[in-house]
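Q: Mind looking over this structure? Questions follow.
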Amino acid sequence: MKPVPRRLLYLFCFLFFSYNYGNSQCDLPCNDNLSIEPAYDCNTAATSLVNANGPGYAYRLDSFCTGTLVVPGLSAPPPFCDLGSCVLNNPIWYSFIPTGPTLDIEVCPGPCVNGKGIQWALYNQCDNLAEPIACWCSDRLPGDSLFSINADVIPGSSYYLVIDGFSGASCDLKFKVNEGLFRFENPASDKSKLLASQFSCSSTFNNENLILQVKGIANDFYVNILDLSGRTLMKKIPFVTDELSIPMSMYPPGVYAYQIMDGLEQISIGKFIKQ
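Numbering (numbering that gives the first Met the number 0), first residue to last: 0 to 274.
Here it is, written out as structure tokens:
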């Protein structure tokens with residue numbers, strides 16, 4: 000058997016490592032109907048969480064897919080996590096309210112442009128980037144390998160997650176929630192999607208009552224109230240008019256969900272906070 004020419008061996012090695020460098024070593028499913036506008040700073044994500052709407056408000060992270068390619072870089076990158084060696088370059092921020100005491104999120108990054116990798120931090124406040132609940136930045140994570148975000152959290156409290164490209168890298172990101180966040184499902188059937196497209200709902204909380212104002216309701220629409228574990232607290236509350244007031248005085252302060260149904264079909268779902 001003739002030896003492999005050295006030139007061919009070099010070519011094989013170059014092609015092998017080029018292929019692996021340009022492709023992610025992991026994969027997670029994407030929900031193409033799930034769209035969450037990123038926030039570019041913590042305070043914006045925090046405001047959106049209070050309003051349950053807006054940039055950075057992550058009403059669901061499971062199967063969410065996004066990227067940092069178009070995220071603007073920071074002119075004065077602030078230090079975070081390990082203040083001696085880590086700064087934020089082109090961060091995206093997401094806010095959410097955990098539903099369990101343990102947060103377990105897997106993230107699959109796509110191949111990062113520049114190949115510099117990923118860094119992240121989890122906060123329960125926006126005032127001091129030096130005090131995260133958990134973070135990883137000193138030994139940067141590869142830009143093509145699955146990593147986990149794990150932390151002990153307080154259910155019902157506010158948290159802010161920042162993910163950043165190390166040294167300005169741009170990366171695709173896919174999320175999978177294993178624990179800690181209740182998974183609100185989107186309408187699945189063609190019927191419910193059609194009804195949802197014709198329906199709108201706004202919610203406010205006033206004097207111990209949840210106020211739902213709706214447009215496009217059908218006669219058989221009704222509302223369920225759930226806690227963040229998914230347990231139904233009240234069910235089949237009918238709409239009589241396009242405004243519905245639901246008393247919540249019997250329940251303690253916390254975060255709850257309302258679920259608008261048409262028979263067995265979910266049309267809309269949202270969260271509200273009772274102070």
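For each residue, glycine too, the CB sits at the ideal point set by N, CA and C.
#1: Report the three-state DSSP secondary structure of residue 165 (helix, strand or coil).
#2: Exposed or buried, what is residue 31 when buried is set at 16 or more other beta-carbons lying within 10 Å of its beta-carbon?
#3: Grab the span of the alpha helix (DSSP H) containing residue 147 for me, first residue to last.
#4: Indicate the three-state DSSP secondary structure (helix, strand or coil) for residue 222 in the structure shown.
#5: Taking all protein chains shown into account, decide if residue 163 is buried (16 or more other Cβ within 10 angstroms of its Cβ) or exposed.
#6: Is there contact between the region 79-91 and the region 142-154, where contact requires at least three CB pairs shorter than 8 Å?
#7: Can you give me the start and stop residues for the alpha helix (DSSP H) that residue 48 sits inside?
#8: Okay, do the region 70-82 and the region 45-53 touch, 3+ Cβ pairs below 8 Å being the bar?
#9: Can the beta-carbon of residue 27 be found less than 8 Å from the beta-carbon of residue 173?
#10: Just to check my reading of the structure: residue 254 and residue 96 have Cβ atoms closer than 8 Å, yes? What is that Cβ distance to the nearest angstrom?
#11: Which residues in the same chain have their Cβ closer than 6 Å to the Cβ of residue 210, if we skip the five residues on either side of it in sequence?
#12: Which residue marks the beginning of the beta strand (DSSP E) containing residue 233, and which one marks its end?
#13: Just to confirm, is the Cβ distance from residue 157 to residue 123 under 8 Å?
A: On the basis of the data shown:
#1: In this structure, residue 165 counts as helix in the three-state DSSP scheme.
#2: exposed
#3: Counting along the chain, residue 147 falls outside any alpha helix (DSSP H), though it belongs to the beta strand (DSSP E) covering 146-151.
#4: strand
#5: Flag for residue 163 reads buried.
#6: no
#7: Unbroken alpha helix (DSSP H) run through residue 48: 41-50.
#8: no
#9: yes
#10: 5 Å
#11: 203, 244
#12: DSSP places residue 233 inside the beta strand (DSSP E), whose first and last residues are 231-237.
#13: yes
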